[in-house]
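**Q**
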Amino acid sequence: MKLLTCIGARPQFIKAATVSRAVSAYNDVHEVIVHTGQHYDVNMSDVFFEELSIPKPDHHLALGGGNHGEMTGRMLGALEAVMIEEKPDMVLVYGDTNSTLAGALAAVKLHLPVAHVEAGLRSFNRRMPEEINRILTDHASDILFVPTKTALKNLEQEGLPEDRVHFVGDVMYDAALFYRALARSPAFFSQKGVEDGNFILATIHRAENTDDPKRLAAILCGLGRAGRCVVLPLHPRTRQRIKELGIAMPASMLVTEPVSYLEMVWLEAHAAVIATDSGGVQKEAFFHETPCVTMRDETEWVELVEAGWNRLVGADENRIVEALNSNVEQQHRSAIYGAGDASNRIVELIRRGAASRPDRGLKA
Ligand code: UD1
Ligand code: UDP
């Protein structure tokens with residue numbers, strides 16, 4: 117079978133790395149990788165392909181930048197052309213970005229079956245661009261790979277047919293297990309004299325935080341007052357906003373370019389605490405057993421909050437400072453994200469799914 121994988125943003129490269137490795141174990145699956153170009157800087161894209169040995173994209177569409185509607189529209193047209201040319205048996209999309217939605221929409225309009233990795237997540241905040249992308253992608257998909265029991269329940273509540281939905285666990289857990297031994301400290305770490313185990317690792321990039329000057333300022337002030345060195349690998353969206361708003365960064369912050377995945381894993385495992393608004397980083401904090409403070413009003417990864425591993429503090433300066441300085445009692449660790457075999461299970465189900473749909477596709 118021919119599987120067309122559509123990716124475009126940083127977290128999707130990391131998710132696709134483990135699934136592509138699982139695909140390569142089968143002679144009967146030929147994967148065609150399409151990179152939309154949503155993320156395009158070397159440290160937001162190329163570094164992951166090199167470091168994680170992801171096969172080079174067969175098509176690179178270079179469609180990053182611009183407003184979300186326009187970006188998604190450009191991707192939709194270009195992906196349709198690639199799908200018509202490649203005639204895949206199935207299209208695989210990941211997560212909740214504009215690249216995910218464009219890939220799923222282009223495929224269903226050509227009657228191609230769609231498989232969605234990381235289906236069923238909901239923040240119940242419809243102002244988040246990701247929430248709309250997730251809902252639409254889930255409802256357009258034929259095979260939904262679900263990472264958590266909560267996601268399973270969400271899809272059930274939305275009436276998605278049971279036979280489309282598969283709880284497989286989280287591919288990011290597979291990645292954490294596989295790459296943990298390869299993690300390495302970034303070069304700047306020892307040069308800048310940051311103390312191992314005594315720093316806060318922070319990431320900020322959510323539109324709801326970066327595009328609201330009050331929230332962004334409160335987050336940066338909270339981090340600045342936390343009383344430890346803050347290592348902040350800065351997302352380009354956030355860098356741009358900070359520059360536009362002329363915000364002066366607190367002296368306790370070590371602001372760097374985005375780091376590679378293996379460097380990020382090392383920082384996550386060696387930080388005293390993580391402060392983030394990233395979906396992936398919340399889970400990685402749990403995988404690498406570092407307490408997490410999430411600077412959002414809600415999260416899709418509710419299990420971690422319920423289990424006490426993650427604390428939701430919004431963009432409230434005082435709550436951020438307080439949470440970063442309070443001790444977290446070590447809680448019971450359960451297998452929330454499956455058994456670390458999500459990627460293999462996904463590939464097995466894709467092969468079975470393609471075999472049961474000989475009537476679909478563009479080859480006739
Ligand atoms: C996107 C996803 C978000 C995901 C995040 C991962 C959507 C709606 N959002 O958000 O769900 O969590 O990626 O990081 O798809 N930029 C660069 N260089 C790059 C990439 C981006 O300079 O390599 C700048 C550009 O100015 C761009 C801005 O960042 O306009 C935002 O990028 P965009 O892809 O629109 O959204 P993200 O905030 O990255
Ligand atoms: N990440 C990285 N370098 C960084 C920041 C994040 O490699 O400088 C990785 C992180 O380890 C995780 C993924 O990027 O695997 C999360 O992506 P991001 O926070 O951009 O998006 P989200 O998960 O919120 O969609």
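Numbering (my numbering), first residue to last: 117 to 480. Ideal placement from N, C-alpha and C gives every residue a C-beta, glycine not left out. Nothing here was measured: the structure is a model prediction, and the numbers come from that model.
1) Note the first and the last residue of the continuous alpha helix (DSSP H) segment covering proline 329.
2) Could you say which of Asp312, Gly338 and Val209 lies nearest to valine 287 if we only look at CA atoms?
3) Closer than 7 Å to a non-hydrogen atom of the ligand UDP - does that hold for the CB of glutamate 400?
4) For glutamate 405, which of helix, strand or coil comes out of DSSP?
5) Report all residues from its chain with a CB closer than 6 Å to the CB of threonine 152; omit the five preceding and five following residues, and keep chain order.
6) Measure how close the beta-carbons of aspartate 258 and valine 233 come, nearest whole angstrom, since I'm counting them as under 8 Å.
7) What separation, rounded to the nearest whole angstrom, lies between the Cα atoms of alanine 223 and leucine 217?
8) Residue ranges of each alpha helix (DSSP H) run of no fewer than 4 residues wholly in the stretch 247 to 286, ordered along the chain?
9) Leaving out five residues on either side along the sequence, give the residues of the same chain with a beta carbon under 6 Å from the beta carbon of methionine 187.
10) Please report the straight-line C-alpha distance between alanine 194 and histidine 321, rounded to a whole angstrom.
11) Cβ of alanine 292 within 8 Å of Cβ of histidine 404?
12) Which residues does DSSP pair with arginine 427 in a beta bridge?
13) Output the distance between the C-alpha atoms of glutamate 414 and serine 239, rounded to the nearest integer angstrom.
14) Looking only at its chain, what residues have a beta carbon closer than 6 Å to the beta carbon of valine 139, apart from the 5 residues adjacent to it on each side?
15) Below 8 Å between beta carbons: does that hold for valine 371 and leucine 348?
16) Candidates Phe305, Glu416 and Glu246: which alpha carbon is nearest leucine 317's?
17) Phenylalanine 261 to glutamine 128, Cα distance in whole Å?
18) Is the beta carbon of glycine 396 closer than 8 Å to that of methionine 411?
19) Check whether the Cβ of serine 450 sits closer than 7 Å to any heavy atom of the ligand UD1, and report yes or no.
20) Give the straight-line distance between the Cα atoms of leucine 237 and arginine 461, rounded to the nearest whole angstrom.
21) Could you tell me the boundaries of the beta strand (DSSP E) in which proline 352 lies?
22) Which word fits alanine 455, buried or exposed, when buried means at least 16 other C-beta atoms lie within 10 angstroms of its C-beta?
23) Is the closest heavy atom of the ligand UDP to the C-beta of tyrosine 377 under 7 Å?
24) Heavy atom of the ligand UDP less than 7 Å from the Cβ of glycine 395, yes or no?
25) How big is the Cα-Cα spacing for leucine 378 and leucine 298?
26) Please look up how many angstroms separate the CB atoms of threonine 354 and threonine 392, rounded, as I've assumed it's under 8 Å.
27) Checking the sheet assignment: what are the DSSP bridge partners for threonine 372?
28) Within the continuous beta strand (DSSP E) that includes tyrosine 210, where are the two ends?
29) Identify, in the order they occur along the chain, each residue of the same chain with its Cβ nearer than 7 Å to the Cβ of leucine 219, setting aside the five sequence neighbours on each side.
30) Taking 7 Å as the cut-off, does the CB of isoleucine 130 come closer than this to any heavy atom belonging to the ligand HEM?
31) Using DSSP's beta-bridge definition, name the partner residues of leucine 120.
32) What span of residues does the beta strand (DSSP E) with threonine 392 cover, start to end?
33) Would the C-beta of asparagine 241 count as close to the ligand UD1, meaning under 7 Å from any of its heavy atoms?
34) Please say whether glutamate 433 and threonine 264 have beta carbons closer to each other than 8 Å?
**A** Per the coordinate set shown:
1) The residue given as residue 329 occupies position 213 in the sequence shown. Proline 329 -> alpha helix (DSSP H) spans 329 to 340.
2) Here residue 287 corresponds to residue number 171 of the sequence shown, with the count starting at 1. Measuring from the Cα of valine 287, the nearest candidate turns out to be Val209.
3) Position 284 of the sequence shown holds residue 400. At least one heavy atom of the ligand UDP is nearer than 7 Å to the Cβ of glutamate 400, so yes.
4) Stepping through the sequence shown from its first residue, residue 405 is reached at position 289. Coil.
5) The residue given as residue 152 occupies position 36 in the sequence shown. Closer than 6 Å at the Cβ level, and outside the excluded window around threonine 152, lie Gly124, Leu177, Leu179, Met191 and Ser215.
6) In the sequence shown, the residue the question calls residue 258 occupies position 142. In the sequence shown, the residue the question calls residue 233 occupies position 117. That pair is no contact at about 13 Å.
7) Here residue 223 refers to the residue found at position 107 when the sequence shown is read from its first residue. Here residue 217 refers to the residue found at position 101 when the sequence shown is read from its first residue. Roughly 10 Å between the two C-alpha positions.
8) 265 to 273
9) Locating residue 187 in the sequence shown gives position 71, where the first residue counts as 1. For methionine 187, where only same-chain residues beyond five positions count, the Cβ hits under 6 Å are Asn214.
10) Against the sequence shown, residue 194 aligns to sequence position 78. Against the sequence shown, residue 321 aligns to sequence position 205. When rounded, the distance between both Cα atoms is 27 Å.
11) The sequence position of residue 292 within the sequence shown is 176, counting from 1. The sequence position of residue 404 within the sequence shown is 288, counting from 1. For alanine 292 and histidine 404, yes; Cβs fall inside 8 Å.
12) Numbered from 1 along the sequence shown, position 311 holds the residue referred to as residue 427. According to DSSP, arginine 427 bridges with Val409.
13) The residue labelled residue 414 in the question sits at position 298 within the sequence shown. The residue labelled residue 239 in the question sits at position 123 within the sequence shown. In a straight line, the C-alpha of glutamate 414 is about 6 Å away from that of serine 239.
14) Working through the sequence shown from its first residue, we reach residue 139 at position 23. Taken in chain order, the residues that qualify are Val145, Glu147 and Val463.
15) The count along the sequence shown starts at 1 and reaches residue 371 at position 255. The count along the sequence shown starts at 1 and reaches residue 348 at position 232. Yes, the pair counts as a contact, with Cβ atoms nearer than the cut-off.
16) Taking the first residue of the sequence shown as position 1, residue 317 is located at position 201. The shortest C-alpha separation from leucine 317 is found at Phe305.
17) Walking along the sequence shown from the start, residue 261 turns up at place 145. Walking along the sequence shown from the start, residue 128 turns up at place 12. Their backbone Cα atoms lie some 15 Å apart in a straight line.
18) Within the sequence shown, numbered from 1, the residue matching residue 411 stands at position 295. Within the sequence shown, numbered from 1, the residue matching residue 396 stands at position 280. Not a contact, by the Cβ cut-off of 8 Å.
19) Here residue 450 refers to the residue found at position 334 of the sequence shown. No, the beta carbon of serine 450 sits no closer than 7 Å to any heavy atom of the ligand UD1.
20) The residue labelled residue 237 in the question sits at position 121 within the sequence shown. The residue labelled residue 461 in the question sits at position 345 within the sequence shown. Distance between the alpha carbons of leucine 237 and arginine 461 is about 19 Å.
21) Counted from its first residue, the sequence shown places residue 352 at position 236. That residue, proline 352, is in no beta strand (DSSP E); its alpha helix (DSSP H) goes 352 to 361.
22) The residue given as residue 455 occupies position 339 in the sequence shown. It is exposed - the Cβ of alanine 455 has fewer than 16 other Cβ atoms within 10 Å.
23) Within the sequence shown, the letter at position 261 stands for residue 377. It does: the Cβ of tyrosine 377 is within 7 Å (strictly closer) of some heavy atom of the ligand UDP.
24) Taking the first residue of the sequence shown as position 1, residue 395 is located at position 279. Flag set: Cβ of glycine 395 near the ligand UDP.
25) Walking along the sequence shown from the start, residue 378 turns up at place 262. Walking along the sequence shown from the start, residue 298 turns up at place 182. Taking the straight line joining both Cα atoms gives about 7 Å.
26) On the sequence shown, position 238 is the one that residue 354 refers to. On the sequence shown, position 276 is the one that residue 392 refers to. The Cβ separation is near 12 Å, so there is no contact.
27) For the purposes of this step, residue 372 is taken as residue 256 along the sequence shown, with counting starting at 1. DSSP output for threonine 372 lists Pro349 as bridge partner(s).
28) Here residue 210 refers to the residue found at position 94 of the sequence shown. Element bounds for tyrosine 210: 206 to 210.
29) The count along the sequence shown starts at 1 and reaches residue 219 at position 103. Reading off the sequence, residue 219 comes out as glycine, not leucine. The answer, listed in chain order, is Cys122, Leu195, Val207 and Val209.
30) In the structure shown, the ligand HEM is absent; the only ligands present are the ligand UD1 and the ligand UDP.
31) For the purposes of this step, residue 120 is identified with residue 4 of the sequence shown, where counting begins at 1. DSSP, once it has assigned bridges, lists Val148 and Val207 as partnering leucine 120.
32) Residue numbering aside, residue 392 sits at position 276 when the sequence shown is read from its first letter. 389 to 392 is the span of the beta strand (DSSP E), which, as asked, contains threonine 392.
33) Residue numbering aside, residue 241 sits at position 125 when the sequence shown is read from its first letter. No; taking the cut-off as 7 Å, the Cβ of asparagine 241 has no heavy atom of the ligand UD1 nearer than that.
34) Counting from 1 along the sequence shown, the entry for residue 264 is found at position 148. Counting from 1 along the sequence shown, the entry for residue 433 is found at position 317. Contact: no.
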